[in-house]
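Following: one structure in structure tokens, then a few remarks.
There are 2 protein chains.
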Amino acid sequence: MVGPEIERLIQALARLPGLGPRSARRAALHLLKHRERLLQPLAEALLAAGRAVVPCAVCGNLDSRDPCGICADPRRDASMVCVVEEVADLWALERGSAFRGRYHVLGGAMSALDGIGPDQLAIPSLLRRVEAGGIGEVILATGATVDGQTTAHYLADRLAPSGVRVSSLARGVPVGGELDYLDDGTLSAALRDRRPL
Amino acid sequence: MVGPEIERLIQALARLPGLGPRSARRAALHLLKHRERLLQPLAEALLAAGRAVVPCAVCGNLDSRDPCGICADPRRDASMVCVVEEVADLWALERGSAFRGRYHVLGGAMSALDGIGPDQLAIPSLLRRVEAGGIGEVILATGATVDGQTTAHYLADRLAPSGVRVSSLARGVPVGGELDYLDDGTLSAALRDRRPL
Numbered sequence: 038m039v040g041p042e043i044e045r046l047i048q049a050l051a052r053l054p055g056l057g058p059r060s061a062r063r064a065a066l067h068l069l070k071h072r073e074r075l076l077q078p079l080a081e082a083l084l085a086a087g088r089a090v091v092p093c094a095v096c097g098n099l100d101s102r103d104p105c106g107i108c109a110d111p112r113r114d115a116s117m118v119c120v121v122e123e124v125a126d127l128w129a130l131e132r133g134s135a136f137r138g139r140y141h142v143l144g145g146a147m148s149a150l151d152g153i154g155p156d157q158l159a160i161p162s163l164l165r166r167v168e169a170g171g172i173g174e175v176i177l178a179t180g181a182t183v184d185g186q187t188t189a190h191y192l193a194d195r196l197a198p199s200g201v202r203v204s205s206l207a208r209g210v211p212v213g214g215e216l217d218y219l220d221d222g223t224l225s226a227a228l229r230d231r232r233p234l
Numbered sequence: 038m039v040g041p042e043i044e045r046l047i048q049a050l051a052r053l054p055g056l057g058p059r060s061a062r063r064a065a066l067h068l069l070k071h072r073e074r075l076l077q078p079l080a081e082a083l084l085a086a087g088r089a090v091v092p093c094a095v096c097g098n099l100d101s102r103d104p105c106g107i108c109a110d111p112r113r114d115a116s117m118v119c120v121v122e123e124v125a126d127l128w129a130l131e132r133g134s135a136f137r138g139r140y141h142v143l144g145g146a147m148s149a150l151d152g153i154g155p156d157q158l159a160i161p162s163l164l165r166r167v168e169a170g171g172i173g174e175v176i177l178a179t180g181a182t183v184d185g186q187t188t189a190h191y192l193a194d195r196l197a198p199s200g201v202r203v204s205s206l207a208r209g210v211p212v213g214g215e216l217d218y219l220d221d222g223t224l225s226a227a228l229r230d231r232r233p234l
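Sequences listed follow chains R and X, in order. Residue numbers for the first sequence, in my numbering: 38 to 234. Residue numbers for the second sequence, in my numbering: 38 to 234.
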């Protein structure tokens with residue numbers, strides 16, 4: 038029905054997370070309607086990012102320089118390392134600006150089901166970073182999922198002999214959260230970890 | 038926080054319809070994680086489509102050839118022309134395969150509020166197509182909105198002297214629609230245009 042070039046564009050757009058076939062068609066038409074303003078800049082941004090962006094050899098963050106802006110920033114506390122599953126998690130923590138240490142991106146979580154063990158993740162490089170010294174605390178910020186928690190437990194075990202402090206994010210009621218809408222697990226955790234006022 | 042190339046890519050993705058800032062970040066990371074499989078093919082598909090796709094000089098459809106595949110297809114009935122606002126509407130009708138005539142894409146609807154009159158749309162070229170002869174019926178398939186209906190009324194007036202049959206899409210209960218969920222206007226129209234069984 039449509040030419041091969043349009044079809045190929047729709048197929049490529051439909052592979053983006055968050056775009057189904059219908060919204061990919063809409064996006065393709067929108068791009069073709071605004072070529073100078075949208076299509077061309079998007080193509081150039083893709084090629085430029087594909088050329089320039091590299092994973093940081095220290096922490097696994099994505100940036101146009103290596104080591105990344107965070108690892109290279111002398112104002113960030115090198116003695117604290119926050120371990121996350123994905124670069125997206127690192128970005129989420131950075132948006133909050135609450136953490137001034139450094140990161141380590143695992144590239145996923147351990148999963149017996151998917152056959153992902155420690156060696157498929159950036160766990161050996163994390164252990165080497167800790168062994169090299171200079172790190173006082175490792176904050177495990179993997180997801181609150183079965184795989185994320187399995188990974189955190191494994192890391193806590195492996196890091197124990199090194200003597201560094203190992204912590205994890207607090208579990209509890211999210212800011213703005215209404216008790217009525219929270220799941221039982223979160224409520225139990227919030228009750229168990231209650232704090233004196 | 039992120040390098041300029043990543044920021045530029047996120048900005049360009051966020052301008053797509055259906056992608057907000059959060060999903061644009063997710064999409065950018067997904068593309069950077071799968072460069073060979075996703076990022077490169079998307080950039081190439083964009084450039085190829087931007088080069089090859091042109092509007093059809095006859096009907097305004099987008100295709101990699103001009104006249105487009107529909108206008109060039111001798112099996113399609115050239116005596117029927119279906120008038121739509123956008124290429125997306127043409128694609129929607131083609132997915133149903135119910136129409137075997139040709140199209141005319143207006144490029145929008147008339148709007149007093151936005152200052153869009155007949156000359157900003159492909160209305161003069163539609164009138165020339167009808168004047169040139171060979172067309173027996175014009176089906177007005179503009180949207181069931183105020184602007185779409187204003188455009189349809191204007192076109193019906195302008196086409197009246199030419200003597201061609203002018204029709205519009207039926208209004209009524211959509212297939213699979215439950216009466217309880219339908220708006221009053223649709224129900225009134227369905228009742229008024231009821232048909233004998």
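Idealized CB from N, CA, C, for every residue including glycine. The structure presented is a predicted model; accordingly, all values stated were derived computationally and were not measured.
For residue i, three-class secondary structure by DSSP
i: D114(X); result: strand
i: S199(X); result: helix
i: L56(X); result: coil
i: E215(R); result: coil
i: R45(R); result: helix
i: L163(R); result: helix
i: R229(R); result: helix
i: A65(X); result: helix
i: V39(X); result: coil
i: H190(R); result: helix
i: G185(R); result: helix
i: D220(X); result: coil
i: C5(R); result: Outside the displayed range of chain R (38 to 234) lies residue 5(R), so it cannot be described from this structure.
i: G87(R); result: helix
i: A169(X); result: coil
i: R74(X); result: helix
i: L50(X); result: helix
i: L79(X); result: helix
For residue i: DSSP bridge partner residues
i: L99(R); result: P92(R)
i: V175(X); result: V118(X) and V203(X)
8 Å Cβ shell around residue i - same chain, five flanking residues per side excluded
i: I43(X); result: A65 and L69
i: G173(R); result: S116, M117, V201 and R202
i: L76(X); result: L68 and L69
i: T182(X); result: A146
i: A158(R); result: Just to set this straight, residue 158(R) is Leu in the shown sequence, not Ala. Hits under 8 Å: L143, G144, G145, A146, M147 and T188.
i: L53(X); result: A61
Under 7 Å by beta carbon: chain R residues contacting residue i
i: L158(X); result: The contacting residues do not exist; L158(X) stays about 14 Å from chain R at best.
i: R72(X); result: G87
i: V124(X); result: L66
i: L69(X); result: A86, V90 and L99
Interface partners of residue i on chain X, CB under 7 Å
i: G55(R); result: L56, S60, R63 and A64
i: A82(R); result: R45, L46 and A49
Under 9 Å by beta carbon: chain R residues contacting residue i
i: P78(X); result: R45, Q48, A49 and R52
i: L75(X); result: A49, R52 and L53
Close-in-space but distant-in-sequence residues of the same chain around residue i (CB under 6 Å, 5 per side omitted)
i: A94(R); result: D103
i: G106(X); result: D100
i: A227(X); result: G209 and V210
i: G185(X); result: A146 and T179
i: T187(X); result: M147
i: L206(R); result: A178
i: R229(X); result: none
i: L46(R); result: A65
Contacts of residue i in chain X (Cβ-Cβ under 8 Å)
i: S101(R); result: G40, P41, E42 and I43
Spatial neighbours of residue i in its chain, beta-carbon cut-off 7 Å, leaving aside the 5 residues before and after
i: C108(R); result: C93, V95, C96 and R139
i: D114(X); result: R137 and G138
i: D194(R); result: none
i: L164(R); result: R195
Minimum Cβ-Cβ distance from residue i to chain C less than 9 Å
i: L206(X); result: Reference to chain C is not applicable here, since the protein chains of this structure are R and X.
Kindly provide the ranges of any alpha helix (DSSP H) runs that are 4 or more residues long and lie completely inside the segment 110–159 of chain X, ordered along the chain.
-> 124–133
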